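Be aware that the sequence shown starts at 2, since it is given in the working numbering, and climbs by one per residue.
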Amino acid sequence: MNRGTLKIEPSHTNGVQVSLILSDDGTVWMSVEEIAHTFNILAASVVRQIKKILAAGELYEKEVRREQTITLPDGRLCIAEYYNLDMIIALCFSIKSYPCVVFRRWIRQRLVQTLKSKSTTPLILQIRADGIIN
Numbered sequence: 002m003n004r005g006t007l008k009i010e011p012s013h014t015n016g017v018q019v020s021l022i023l024s025d026d027g028t029v030w031m032s033v034e035e036i037a038h039t040f041n042i043l044a045a046s047v048v049r050q051i052k053k054i055l056a057a058g059e060l061y062e063k064e065v066r067r068e069q070t071i072t073l074p075d076g077r078l079c080i081a082e083y084y085n086l087d088m089i090i091a092l093c094f095s096i097k098s099y100p101c102v103v104f105r106r107w108i109r110q111r112l113v114q115t116l117k118s119k120s121t122t123p124l125i126l127q128i129r130a131d132g133i134i135n
């Protein structure tokens, strides 16, 4: 499974660099531990925020979570749990660590760049009671 990557790392030229490479299905899939490492927080904090986001109905577990069965070196099977870019973005807006601030700024810059490059195309969000459609 190609899961894509999200890296927020120190850079010699810009201070901090964000690198986002999408998977074949157009998202990024990360484990709780990978998200915690990327955002420089504890895994327990990630789990707590995921529960809050899901409980609030902001995102739906069946849409943002995927399981994969992995065979361990000793032959035992293990189920790995991954969350997609929708959850990762929602988490970065609910966590106050420095890497989250950097990622939020990066998202904003990319959005503004996209809108400026397509200045004739308006940004339209369709919203219904259970969330955003597009």
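A virtual CB, placed ideally from N, CA and C, is assigned to each residue, including glycine.
The model shown is predicted, which means the values in this text are computed figures rather than measured ones.
Rounded distance between the beta-carbons of Thr28 and Leu86, thought under 8 Å: Position 85 of the sequence shown, counting from 1, holds the residue named residue 86. Position 27 of the sequence shown, counting from 1, holds the residue named residue 28. Right, the Cβ-Cβ distance comes to about 4 Å (below 8 Å), so this counts as a contact.
For Ile51 and Tyr61, the rounded distance between their alpha carbons: The count along the sequence shown starts at 1 and reaches residue 61 at position 60. The count along the sequence shown starts at 1 and reaches residue 51 at position 50. Rounded to whole angstroms, Tyr61 to Ile51 spans 10 Å at the Cα level.
Helix, strand or coil at Ile96 according to DSSP, with G and I counted as helix: Within the sequence shown, numbered from 1, the residue matching residue 96 stands at position 95. Correct three-state label for Ile96: coil.
Sheet register partners of Pro11 (DSSP bridge): Sequence index remark: in the sequence shown, residue 11 carries index 10 (1-based). Note: Pro11 sits in a beta bridge opposite Val17.
Validate contact between the stretch 34 to 48 and the stretch 96 to 106 using beta carbons, cut 8 Å, 3 pairs: yes
6 Å Cβ shell around Arg66 - same chain, five flanking residues per side excluded: For the purposes of this step, residue 66 is identified with residue 65 of the sequence shown, where counting begins at 1. Excluding sequence neighbours, Arg66 sits near Tyr84.
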